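S.K.:
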Amino acid sequence: MSSSRIAVDYDPDHKPSMADTSFLDNRFAIEHAVRTQRMREVVTMFIKRLRFWPLSNVFDQWKEFTARQREMKAATKQVKELHVQLQQKMVFRIWRETYEGSSKAKVQSNSSLQRRVFDAWYDFKCHSKYKKKLSALALHHNSMKIYRQIFPMWFEKAKEKRHTERIVHLWSTTTSEEQALLPVESSVKGRIQNKTLKKCFAIWSLKYQRITKLKNAYHRIVLERCLHIWFDWSSLKKEQREKCNEFNTRRLQTQMFRTWFWHQWAKANKKRRVLAQIVTHIRQRNTLCRNFVVWREQTQKLQLASKLYNLKLVQKVVICWHDVAHTKKQLKQKVLNFQVKSYTKLVIRMFKTWHGAYVDRLQKYEEHEQYVQRVALQMARTWRYKAQKARGQRLLQYHQQLEMKKYFERWRYNYERNLEREHQLKKLVDRKNWQLMGAYMDSWKTSLLAKQAIRLYNMKLTGTVLHYWHTFTQKSKRRLEVCAAYKEALSQRHVKSYFVYWVNMHRAQKSVEGHFHLKLQIQVLRSWRDYTRRQLHLKRLGAIMTCKVNKRMVSDVWMSMKCQFDYYNSLTETAEKQNKRHRMCTQCATCMEGEIKPVIARRCYHLLLARRGVRKWRQFVARKKMERKIDEEKMDKAVKHHDRKICSIAMEAWLDEMKVVHHIQYRKKKLLQKFGSLWKYRVDLIYTAKCVESENLMKSAWRRWRVESLCMEGLVPEKKRSKIAMKRSPSLNHLQMSRSSSSESFSARPSQIPMPVYRDNHQGNS
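Residue numbers (full-length UniProt numbering): 1 to 766.
Here it is as structure tokens:
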């Protein structure tokens, strides 16, 4: 049997049937076919890649080169735009800074000038005010001094005049002898008047000389101060004008130099930009030509290399295929040899696996039984714990009900005691209020009597004060009238004497002032003439100096501009020479680079291809690793998301259960509050009924006692008695009804008390 099976296996033309083959043989055949198909696909893909490898590398290089060139062009364009923007910003910033500086300088110069002018004007005004005050004080002091000096002389003269008048009056009433002495008297009077005139003239001349000296000294000081102030002001103005001219010329020079420098820089920059554009254009054209030549040579070389490579590949593939076919035959023989051994090993392995599975199943069954017993024990424990918990809750509820009853009885007892205390407190407060009211009324009465007594005393005192004041005012009025008449007479005399003195002094002052004004006008005209001549001379000198300074400044500016222009021309020439040298160096370098690159490419082409292949393979491996890592991360995220979702569902269920528990507790609390409010409302109704009943009893007893007292006294007639009896009968009936209702209310149980009708319940029923 075994020999026939082996013969069938080694026959190449024999096709096995379903009877000859088994499931294991079919499985091995399918696996072998799948492996061969996979190997064939790998070999074909490898051959295709090897065939088109150089072209793809060259295309990738060209693609990378073009992308880099585009990026370089875009970067150069952006750099140029940024350079232009930065230049514009820099120029605008410089212009703005110069403009702001000039505007600030203008504002500062104007403000400083205004400040100085205002300070000078303010000082001048203050000085003039101070001078006016001093002159007014001096005039007042002078007038007071003159008055003090002249008044005693005038008083003596007035006494002498009065004495002479009296003597004349006496002489006019005298005899003929006395009249004969009149010419002697007139001569004596003339002599006395001449003496007095001489004395007055001497005093006046001395005073006039002093006043003229003081005025001359004052005017001399004023002129010196005015000239000093004017000289300071003119020197300040001159310095400011010179500084302004210097600043203006310096500013003009700086502005001219900056504008010239900016124009020169703009021209140089424009030339440099044009040269750079031309150079870049030429360089791009040269690089294009060079790259095109290199690309054409490389494409020709690639075509030749691809042809040679394809021929060598075909030879290698044929040799490899022959080797693979030979190895396949050897593998088939080896597989047929090892199949018998594998069958036996498979049977042994299957038996071992079945035995291990049977043992595992027995162990799992035992573990399951143990787990069921454990779960049953846990369930029994939990059931016992929950039963104990439920019993404890019932006991707690029962204890709470008992405590509620105790608290309720205690509260009712305390409530009744509080009512009694409130009633007693009310009585005490009323009694104290009445006592306080009596005390306050007594104090108010005493204070009112005291105020009335004070008012009467004040009225009497005001009457006496008014009487004394009236008498005092009459006496003072009389005194004031006498004083006013005396003052009027005195003032008239003083006015007359002052008027005569003022007329004389005014005439003298007019003559003095006229002479003084003439002298002063002459001096002012002379000083004005000198001042105008000096000003004209100064203006001429200033114009000559400004012309000279302007000429010198223009020549200096012209020389500096010429020197700078020559310097910039020399700089531009040196820059052009350096640019030419740089161009020559770049051309030589490009030529050398074009000659060296092909040699380097010939030497290092195979190395570059190998490096690129290794790089691509490494990138492929790294990409696969990254994909695997990303897939693992996604799986971890999915597992975490699933766990989080399950946790959230469990949490929501637990929260719902907790909400239900809280709702049940809240419902119990609300019911307790509701029934407590109902009980409280019923207790309040009972208490109000008791209070109303006690009030009704008190009223009925009071009425009855009053009627009986009136009947006993005999003040009420019989008709009124009948009316009172008729009125009394319904009150008694009401009393009987209220007593019966109160007895019923006291005898009724809490469960039999009628429920109050609430608005909410009524609306719900409707």
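All C-beta atoms, glycine included, are put in the ideal place defined by N, C-alpha and C.
Being a predicted model, the structure only gives us computed values, none of them experimental.
1. Contact defined as beta carbons within less than 8 Å: I believe residue 801 pairs with N286. What is the distance between those atoms, to the nearest angstrom?
2. Scan the segment 192 to 228 and note each continuous alpha helix (DSSP H) run of 4 residues or more that stays entirely inside, going in chain order.
3. Quick check on DSSP: helix, strand or coil for W469?
4. Do the segment 221 to 238 and the segment 138 to 151 touch if we need at least three Cβ pairs shorter than 8 Å?
5. Cβ of T36 within 9 Å of Cβ of K341?
6. Does the separation of the CB atoms of N245 and T546 fall below 9 Å?
7. Excluding five sequence neighbours on each side, which residues of the same chain lie with their C-beta closer than 6 Å to the C-beta of L206?
8. Rounded to a whole number of angstroms, what is the C-alpha to C-alpha distance between residue 818 and E297?
9. Would you check if the distance between the CB atom of R412 and the CB atom of V683 is smaller than 9 Å?
10. Rounded to a whole number of angstroms, what is the C-alpha to C-alpha distance between L86 and R290?
11. Measure the C-alpha to C-alpha separation of E693 and R704 and round it to an integer number of angstroms.
12. Kindly provide the ranges of any beta strand (DSSP E) runs that are 3 or more residues long and lie completely inside the segment 100 to 178, ordered along the chain.
13. Out of G438, K195, Q523, Q673, which has the shortest C-alpha to C-alpha gap to L223?
14. Report the rounded CA-to-CA distance for L134 versus L214, giving the unit in angstroms.
15. Would you call the segment 247 to 264 in contact with the segment 95 to 114, where contact means no fewer than 3 C-beta pairs closer than 8 Å?
16. May I ask you to report which of helix, strand or coil DSSP gives Q752?
17. Assuming W262 contacts V84 (C-beta within less than 8 Å), just tell me the rounded distance between them.
18. When you compare each of R38, V42, M39, W265 to L571 by their alpha carbons, which one comes out closest?
19. Taking buried to mean at least 16 other C-beta atoms within 10 Å of its own C-beta, is Y10 buried or exposed?
20. Kindly list the residues whose CB is nearer than 6 Å to the CB of T196, restricted to its own chain and excluding five residues on each side of it in sequence; keep chain order.
21. Measure the alpha-carbon distance for Q452 versus K432 and round it to whole angstroms.
22. Just to check my reading of the structure: N550 and L275 have Cβ atoms closer than 8 Å, yes? What is that Cβ distance to the nearest angstrom?
23. Just confirm the distance between the C-beta atoms of K189 and T164, as a whole number of angstroms; I'd bet it's less than 8 Å.
24. Checking 9 Å against the spacing of the C-beta atoms, do M553 and Q240 come in under that value?
25. Is the beta carbon of R116 less than 9 Å from the beta carbon of L236?
26. For Q400 and A638, what's the separation of their Cα atoms in angstroms?
27. What do you reckon, are the CB atoms on A120 and R251 nearer than 9 Å?
M.R.: Answer, in terms of the structure:
1. With the chain represented from 1 up to 766, any question about residue 801 goes unanswered, as that position is not in the structure.
2. Listed in chain order, there is nothing to give.
3. Helix at W469.
4. Judged by Cβ distances under 8 Å, the segment 221 to 238 makes no contact with the segment 138 to 151, as fewer than three pairs qualify.
5. Against a cut-off of 9 Å, the Cβ pair of K341 and T36 comes out as no contact.
6. Against a cut-off of 9 Å, the Cβ pair of T546 and N245 comes out as a contact.
7. Scanning its chain for C-beta atoms nearer than 6 Å, with the 5 sequence neighbours on each side dropped, one finds no residue around L206.
8. Residue 818 lies beyond the residue range present for the chain, which begins at 1 and ends at 766; the question has no answer from this structure.
9. Going by C-beta atoms, R412 is nearer than 9 Å to V683.
10. Distance between the alpha carbons of L86 and R290 is about 35 Å.
11. Cα to Cα, the separation comes out at about 16 Å.
12. Fully enclosed beta strand (DSSP E) runs of 3 or longer: not present.
13. Closest option to L223, Cα to Cα, is Q523.
14. Spanning the two alpha carbons is a distance of roughly 14 Å.
15. Enough Cβ pairs lie closer than 8 Å, so yes.
16. Any reading at Q752 needs caution, since the residue's pLDDT is 35, under 50, leaving its predicted position unreliable; the model's value is listed next. Here DSSP, grouped into helix, strand and coil, assigns Q752 to coil.
17. That belief does not hold up - the Cβ atoms of W262 and V84 are roughly 16 Å apart, past 8 Å.
18. The residue among R38, V42, M39, W265 with its C-alpha nearest the C-alpha of L571 is W265.
19. Since pLDDT at Y10 reaches only 39, below the 50 mark, its modelled position is unreliable, and the value read off the structure follows with that caveat. A residue is called buried once 16 or more other Cβ atoms fall within 10 Å of its Cβ, and Y10, having fewer, is exposed.
20. Nothing listed; no residue qualifies.
21. Q452 and K432 have their C-alpha atoms some 30 Å from each other.
22. Not a contact, Cβ separation roughly 41 Å.
23. The Cβ separation is near 7 Å, so the contact holds.
24. No, the pair does not count as a contact, with Cβ atoms beyond the cut-off.
25. The Cβ atoms of R116 and L236 sit closer than 9 Å to each other.
26. Answer to the nearest angstrom: the Cα atoms are 53 Å apart.
27. Not a contact, by the Cβ cut-off of 9 Å.
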